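Letter 8 of the sequence shown, counting from 1, is numbered 7 in numbering that gives the first Met the number 0, and no numbers are missing. Ideal Cβ placement from N, Cα and C applies to all residues, glycine included. Please read these numbers as outputs of a predicted model, since none were measured by experiment.
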Amino acid sequence: MLNIALPKGRLGDQVYALLAGAGYDCHEAFDDSRKLVFESKAAGVRYFLVKPSDVAIYVEHGAADIGIVGKDILLESGADVYELLDLGLGRCRMCVAGKNDYVEDTDRTLRVATKFVNIAKRYYSEIGREIEIIKLNGSIELAPILGLSDVIVDIVESGKTLRENKLCVLTEIFPISARFIANRASYKFKGGAIDEMLSKLSAAISKEERV
Numbered sequence: 000m001l002n003i004a005l006p007k008g009r010l011g012d013q014v015y016a017l018l019a020g021a022g023y024d025c026h027e028a029f030d031d032s033r034k035l036v037f038e039s040k041a042a043g044v045r046y047f048l049v050k051p052s053d054v055a056i057y058v059e060h061g062a063a064d065i066g067i068v069g070k071d072i073l074l075e076s077g078a079d080v081y082e083l084l085d086l087g088l089g090r091c092r093m094c095v096a097g098k099n100d101y102v103e104d105t106d107r108t109l110r111v112a113t114k115f116v117n118i119a120k121r122y123y124s125e126i127g128r129e130i131e132i133i134k135l136n137g138s139i140e141l142a143p144i145l146g147l148s149d150v151i152v153d154i155v156e157s158g159k160t161l162r163e164n165k166l167c168v169l170t171e172i173f174p175i176s177a178r179f180i181a182n183r184a185s186y187k188f189k190g191g192a193i194d195e196m197l198s199k200l201s202a203a204i205s206k207e208e209r210v
């Protein structure tokens, strides 16, 4: 049986629908909102509902054989897992954003507000820019508005929140979408079952794209 870590929320719902369409349905899934584990012996799967930011941790440490996680969380966590497939769901962008009239002063340390500390450090290290990280957990857009930071590093979907707060994207760092990941040991011992699921998911994705 494959143990699968699914992210709670909208992305998890989309991923489950994709998996169910590929033959991995679990009829009791989500019937009881308080349950966190759902199992289908017929399909050979057991689903765990976990916080999106924890999916990679469950998979890395072997509590789950496979999982679905956003590329942002995967890079931020640095989890030692196999990334096997881009599911194309939950598309958005990791960006640097700032005020519409922002002009960078390259002679001083750049103040960057973000909850993606590792991603921000890695990006600015690669371009050789000295920064000061200001870690925030929410309402990141407030930081440049109130002068707490020069710019922010955050996820951008439609860009509506930025526009409503007179902010704009300055640089796109990388695109984000949901990724299918596997525990390294699980892939060694359950590789056949995992590869079969990958094949079915790929076929389901191709079918949806054609439609």
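Between which two residues does the beta strand (DSSP E) harbouring residue i extend?
i, result
"Leu1", "1-6"
"Arg178", "177-181"
"Tyr81", "81-85"
"Gly66", "65-69"
On the DSSP bridge assignment, give the partners of residue i in chain order.
i, result
"Thr113", "Lys134, Val152"
"Lys98", "Leu166"
"Glu38", "Arg45"
"Met93", "Ile154, Phe173"
Quick one: measure Cβ to Cβ for residue i and residue j, integer angstroms, because I've assumed they're closer than 8 Å.
i, j, result
"Met0", "Val44", "7 Å"
"Ala42", "Asp64", "Wrong, their Cβ atoms sit about 14 Å apart, outside the cutoff."
"Ile172", "Cys94", "6 Å"
"Leu169", "Val150", "6 Å"
"Ala119", "Leu161", "The pair is not a contact, with the Cβ atoms about 17 Å apart (cut-off 8 Å)."
"Ala78", "Lys199", "At roughly 24 Å, the Cβ-Cβ gap does not stay under 8 Å, so Ala78 and Lys199 are not in contact."
Taking DSSP as the reference, what is the three-state secondary structure of residue i?
i, result
"Glu129", "coil"
"Ile172", "strand"
"Lys189", "coil"
"Ala62", "coil"
"Tyr23", "coil"
Using a threshold of 7 Å, is the CB atom of residue i nearer than that to any non-hydrogen atom of the ligand NAD?
i, result
"Ser39", "With respect to small molecules bound, the structure shown includes none, and the ligand NAD cannot be examined in it."
What residue does the alpha helix (DSSP H) around residue i start on, and which one ends it?
i, result
"Leu10", "9-20"
"Glu51", "The question names Glu, yet the displayed sequence has Pro at residue 51. Segment: none, Pro51 is in no alpha helix (DSSP H) and carries neither H nor E."
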